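Protein chains in written order, with this note's numbering: chain A, 2 to 296; chain B, 110 to 254.
These notes concern the structure reproduced below.
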């Protein structure tokens with residue numbers, strides 16, 4: 002038995018928002034792979050929950066008329082990875098969520114829960130950050146659109162008010178079109194493990210594939226929140242693809258991170274991973290884009 | 110009537126008496142409580158019982174074709190020595206169902222990936238992979254006939 006106090010049942014998003022407005026202290030329950038475990042471990046005893054797991058209007062992925070990819074928050078990791086729109090236009094996101102847990106966890110865990118949890122190791126968050134996702138946040142007061150870049154306020158803290166719900170994650174067309182990404186998760190085990198470090202890189206190359214039009218690099222567990230590396234991204238803009246450039250990118254990212262020492266890994270090791278994974282993921286992304294590293 | 114605070118594993122083992130459901134870790138890490146919900150493996154310990162309404166739940170008990178007769182995958186676990194203490198076995202077998210029902214032959218690495226959410230502290234896994242691999246091959250051959 003789970004030791005929660007009240008479980009409010011929402012049968013629609015409108016009802017869920019009304020329940021949240023009436024009970025702002027209650028937590029939205031999506032797949033439960035974080036919340037139910039915290040309850041089991043006694044860390045949320047007596048909590049009130051609003052059950053939104055059954056709300057299919059919050060589930061699914063579609064390519065919108067404006068070319069943006071809309072991911073509803075209750076979409077499971079399995080469904081993200083298997084979805085034809087993701088496979089065709091944003092395969093790196095599927096590859097990233099496929100590194101989470103095991104099959105059972107990927108069937109229950111949701112992408113919205115992964116980012117609302119606000120931890121720096123969230124595998125989906127790192128890639129969404131690298132693709133400049135925007136978030137649709139709703140409450141009984143209306144809807145607001147927030148760049149994902151502004152969502153994480155600190156470790157485990159996100160910009161969601163007590164009456165708000167994440168209703169959509171959007172990747173604009175300009176963000177995924179002609180863009181190729183690669184995600185590397187460094188962890189102790191190949192499954193059922195949390196990232197020691199995560200690195201998601203995507204590139205858009207020039208027409209002749211000789212130069213980088215746009216580079217975006219994001220890291221997980223390199224700071225209290227998932228972070229980008231503006232220094233490396235600025236440095237790479239318009240540059241010819243050479244090994245020297247790759248090395249410069251590896252050095253530049255170190256200026257944008259602040260990893261901590263934890264039982265999983267020390268700060269020094271994480272800094273080494275950050276430099277090395279940035280280079281490897283950049284090379285892989287360039288290869289996927291059809292480019293080659295010139296000597 | 111079920112208690113709204115029940116997990117699916119509480120309901121299946123406690124209320125329905127389905128003893129194949131093992132309370133292993135109870136936090137979604139060991140896979141000993143794995144059941145298929147609408148054909149996909151889930152940890153029933155971190156799934157609210159009320160979420161199961163209207164869904165098709167398959168447990169190990171449901172694999173027997175007739176009363177007392179076990180299925181091919183269960184027999185393969187016995188034949189290959191994939192069972193030692195047995196606590197993890199029902200979960201492994203349920204996690205293997207999507208693999209053995211697939212027409213695409215899985216490599217050993219793919220099988221390992223599919224059962225990565227299940228822990229076994231006895232066998233060292235190799236015999237479990239053997240049992241799944243052989244059953245999948247046998248099923249594909251049978252379907253081709």
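Positions of the beta carbon are idealized from the N, C-alpha and C atoms, including for glycine.
Given the structure is predicted, the values throughout are model-derived calculations rather than measurements.
Under the three-state reduction of DSSP, which class applies to residue 118(A): helix, strand or coil? coil
Please report the Cβ distance between residue 18(A) and residue 166(A), rounded to the nearest whole angstrom; I am assuming they are in contact, meaning their Cβ atoms lie under 8 Å. 6 Å
Taking the alpha-carbon positions, what's the residue 123(A) to residue 113(A) distance? Here the C-alpha atom of residue 123(A) lies approximately 11 Å from the C-alpha atom of residue 113(A).
Straight-line gap, residue 221(A) to residue 126(B) (C-alpha atoms, nearest Å): 44 Å
Taking only beta-carbon positions, decide if residue 211(B) is within less than 8 Å of chain A. no
So, using beta-carbon positions, are residue 105(A) and residue 168(B) closer together than 8 Å? no
With distances taken Cα to Cα, identify the nearest neighbour of residue 38(A) among 27(A), 16(A), 5(A) and 55(A). Of the listed residues, the one whose Cα sits closest to residue 38(A) is 5(A).
Would you mind giving the Cβ-Cβ distance between residue 274(A) and residue 206(A), rounded to the nearest angstrom? I have them listed as a contact below 8 Å. That pair is no contact at about 26 Å.
Name, please, each residue of chain B whose Cβ falls closer than 7 Å to the Cβ of residue 193(A). 138, 225 and 226
Which ranges would you report for the alpha helix (DSSP H) in the stretch 81–148 of chain A if only whole runs of at least 4 residues count? At a cut-off of 4 residues, the continuous stretches assigned as alpha helix (DSSP H) that sit fully inside the stretch 81–148 of chain A are 85–90, 92–98, 104–109, 112–117 and 124–131.
Which first and last residues belong to the beta strand (DSSP E) in which residue 151(B) is found? 149–152
Within 8 Å, strictly: CB atoms of residue 250(A) and residue 233(A): yes
Can you tell me the Cα-Cα spacing of residue 7(A) and residue 252(B), whole angstroms? 50 Å
Give the straight-line distance between the Cα atoms of residue 200(A) and residue 150(A), rounded to the nearest whole angstrom. 16 Å
Residues that residue 45(A) contacts on chain B, provided the C-beta gap is smaller than 7 Å: Correct list: empty, because the minimum Cβ distance to chain B is about 13 Å.
Let me know the secondary structure DSSP gives residue 292(A) once reduced to three states. It is coil, neither helix nor strand.
Which of the three DSSP states is assigned to residue 158(A) in this structure? strand
Going by DSSP in three states, residue 248(B) sits in which element: helix, strand or coil? helix
Helix, strand or coil at residue 164(B) according to DSSP, with G and I counted as helix: coil
Within a Cβ cutoff of 8 Å, which residues of the same chain sit near residue 227(B), ignoring the five residues on either side of it in sequence? 139, 140, 141, 143, 197, 200, 201 and 204
Under the rule that 16 or more other beta-carbon atoms within 10 Å means buried, what is residue 276(A), buried or exposed? buried
Please name the residues in the stretch 38–67 of chain A whose beta-carbon is closer than 8 Å to at least one beta-carbon of chain B, in chain order. 38, 41, 42, 52, 54 and 55
Would you kindly check if the distance between the Cβ of residue 202(A) and the Cβ of residue 290(A) is under 8 Å? Residue 202(A) sits away from residue 290(A), with the two beta carbons spaced by 8 Å or more.
Is the CB of residue 3(A) under 8 Å away from at least one CB in chain C? Given the protein chain composition of this structure (A and B), no chain C is represented.
Between the CA atoms of residue 26(A) and residue 146(A) - distance to the nearest angstrom: 23 Å
Which chain B residues sit within Cβ distance under 7 Å of residue 108(A)? 149, 150 and 151
DSSP on residue 197(A), reduced to helix/strand/coil? coil
Cβ separation of residue 63(A) and residue 98(A), assumed to be a contact under 8 Å, to the nearest whole Å: With 8 Å as the limit, residue 63(A) and residue 98(A) do not qualify as a contact, their Cβ atoms being about 17 Å apart.
Span separating the alpha-carbon of residue 293(A) from that of residue 243(A): 8 Å
Secondary structure at residue 141(B), three-state DSSP: helix, strand or coil? coil
Look up residue 49(A) in the DSSP assignment and say whether it is helix, strand or coil. Residue 49(A): strand per DSSP, three-state reduction.
Give the secondary structure of residue 198(B) by DSSP, where H, G and I count as helix, E and B as strand, and everything else as coil. DSSP, reduced to helix, strand and coil, places residue 198(B) within a helical segment of the structure shown.
Check this for me: beta carbons of residue 20(A) and residue 9(A), under 8 Å apart or not? It is a contact, given that the beta carbons lie within the stated cut-off.
Between residue 115(B) and chain A, is any beta-carbon pair separated by less than 8 Å? yes
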